[in-house]
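Asker:
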Amino acid sequence: MTWDELESACGQCERCSLCRTKTNTVFGTGNRQAKLMFVGEAPGEQEDLSGIPFVGAAGKLLDQYLTAVGIEREQVYIANILKCRPPRNRDPLPEEQDACMAYLREQVKLIKPQMIVCLGRISAMRLIRPDFKITKEHGILVRKGNYVMTAVYHPSALLRDMSKREDMYKDMKRIRMYCDEYMAE
Ligand code: URA
């Protein structure tokens, strides 16, 4: 599948009921040759309105962490498990995740990143392990097939709980160090 085919299929998707309540599909943005990919949970209000992932308050905080560790947002690719906003930002339902995962899988196949960073619990439980515990396991690097994977706190969790911010900074620094040491240009 090409990027155009994938984006167009995703834009016309009716595999779950979220297509009836969304404003825009939030496909994903960034460098399609990225070595580093971030995967969040689902679009929020600002993302639904703009069609771009992580542009609301949580996205601005994510940008600050990227800047703090010297990673440019344009260098990486950012997507979500769900491409359409769940009403009132409720957690994605398992059947919505099942319906949407094929798009993310195709994105990963096209990008072939070296490292995938899950943003938050929902993404980590879907992409790393169903019983992933974000409080205990954030920042740990694991190899899964062709990819090195890790999970960090979701930026929305950091907006609610300042005490997690130091851990987030450490985890992001570790990600940056891994990129510098192990990722070929
Ligand atoms: N939260 C997410 O998980 N993804 C977004 O794109 C925005 C907020």
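The opening residue of the sequence shown carries number 840 in this note's numbering; numbering runs sequentially from there.
In this text, a Cβ means the ideal position worked out from N, Cα and C, and glycines have one as well.
Which stretch, first to last residue, makes up the beta strand (DSSP E) that contains Y986?
Answerer: Counting along the chain, the beta strand (DSSP E) containing Y986 begins and ends at 986-991.
Asker: What does the shell around the ligand URA hold, if a residue joins when its beta-carbon is under 7 Å from any heavy atom?
Answerer: Result (chain order): V865, G879, E880, A881, P882, G883, E886, P892, F893, G895, A897, G898, N919, L958, G959, H993, S995.
Asker: Rounded to whole angstroms, what is the Cα-Cα separation between D1010 and Y904?
Answerer: Distance between the alpha carbons of D1010 and Y904: 10 Å.
Asker: Using 8 Å as the cut-off, can you tell me whether the region 869-884 makes contact with the region 920-934, which would need three or more C-beta pairs spanning the two stretches below that distance?
Answerer: The region 869-884 vs the region 920-934: in contact.
Asker: What do you reckon, are the CB atoms on T862 and L888 nearer than 7 Å?
Answerer: Yes, they are a contact pair.
Asker: Taking the CB atoms as reference points, tell me whether R965 and I920 lie closer together than 7 Å.
Answerer: Contact flag set, yes.
Asker: Nearest CA to the CA of R1013: which residue from I955, G978, P994, M988?
Answerer: Measuring from the Cα of R1013, the nearest candidate turns out to be G978.
Asker: Indicate whether the contact test is met: 3 or more Cβ pairs, each with one atom in the region 898-913 and one in the region 937-951, closer than 8 Å.
Answerer: Cβ pair count under 8 Å is below three, so no.
Asker: What do you get for K983, buried or exposed, if any count of 16 or more other CB atoms within 10 angstroms of its CB means buried?
Answerer: Exposed, since its Cβ has fewer than 16 Cβ neighbours within 10 Å.
Asker: Should V987 go down as buried or exposed, given a rule of 16 or more other Cβ atoms within 10 Å for buried?
Answerer: When all chains shown are included, V987 counts as buried.
Asker: Starting from L998, trace the alpha helix (DSSP H) in both directions and tell me its first and last residue.
Answerer: From DSSP, the alpha helix (DSSP H) with L998 extends over 994-999.
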